[in-house]
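Enquirer:
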Amino acid sequence: IYIWEHPIPGHTYAFGVDTADGIGKDNTVIEGLKKGGLHGPPKQVVEFASSAMNALDATPFCLAIGAYYTVEDQWGGDPKQPRMAIECKGMGDMTQHRMRILGWSNFHPWVDKQIDDKQIDLTKYRKIGVLTNSWFRAGLIEILVKALRDCELEISSPMFVREMQSL
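Going by our numbering, the sequence shown runs without a break in its numbering and finishes at 193.
1) Assuming residue 39 is part of the beta strand (DSSP E), what are its boundary residues?
2) Taking the alpha helix (DSSP H) that residue 171 falls in, what are its first and last residues?
3) If we count the other Cβ atoms within 10 Å of its Cβ and call it buried at 16 or more, is residue 99 buried or exposed?
4) Residue 30 and residue 97 - do their beta-carbons sit closer together than 8 Å?
5) Going by C-alpha to C-alpha distance, which of 182, 116 and 181 sits closest to residue 158?
6) Could you check if residue 114 is buried or exposed, using at least 16 other CB atoms within 10 Å of its CB as the buried criterion?
7) Answer yes if the region 79 to 91 comes into contact with the region 62 to 71, meaning at least three C-beta pairs across the two stretches below 8 Å, and no otherwise.
8) What are the boundary residues of the beta strand (DSSP E) that includes residue 57?
9) Kindly give me the distance between the Cβ atoms of residue 118 and residue 43, rounded to whole angstroms, as I take these residues to be in contact under 8 Å.
Rendered as structure tokens:
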């Protein structure tokens, strides 16, 4: 676990989680971001990666890292769980399911519609997690490339930088 910035009360954190099979061919990864604002752009604050961990193995790591970054809001109110955006198309739904059983409740709401649909009503979503498909992946890469190119996202991880150089 690489921590570049410890949690700061009053800031909002979110995590992206992509699980692998745990057989050395791909990494299970947890990326943590601090939401941007007047203090600066969004910033990568924590990263975890392991090629020896599968979706079930990832659950306690997601819970521990998420709990560590659960901080009070800017007015000193009750701590709020960071949002977990877990890729569920593979086996990440098992990670998400176990986290739900153990009390985690702040997951990414999946809206199964493209941006150009006339109406998107977030109150009617039926799924949680991220279910990557062709249009979502293309849009995500478009946003990431622009953010990296225009320095709208502060990256702390040299491993992430190396991976993005091959994108």
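Even glycine gets a Cβ: it sits at the ideal position worked out from N, Cα and C.
Expert: This is what the structure holds:
1) Going by DSSP, residue 39 is part of the beta strand (DSSP E) stretching over 39 to 44.
2) 160 to 175 is the span of the alpha helix (DSSP H), which, as asked, contains residue 171.
3) Residue 99 should be labelled exposed.
4) One thing to note: residue 97 has its Cβ no nearer than 8 Å to the Cβ of residue 30.
5) Ranked by how close their Cα comes to the Cα of residue 158, the residues 182, 116 and 181 have 116 in first place.
6) Under this definition residue 114 is a buried residue.
7) With a cut-off of 8 Å, the region 79 to 91 and the region 62 to 71 do not count as touching, because too few Cβ pairs lie within range.
8) That run of the beta strand (DSSP E) goes 54 to 60.
9) Correct: roughly 6 Å between the Cβ atoms.
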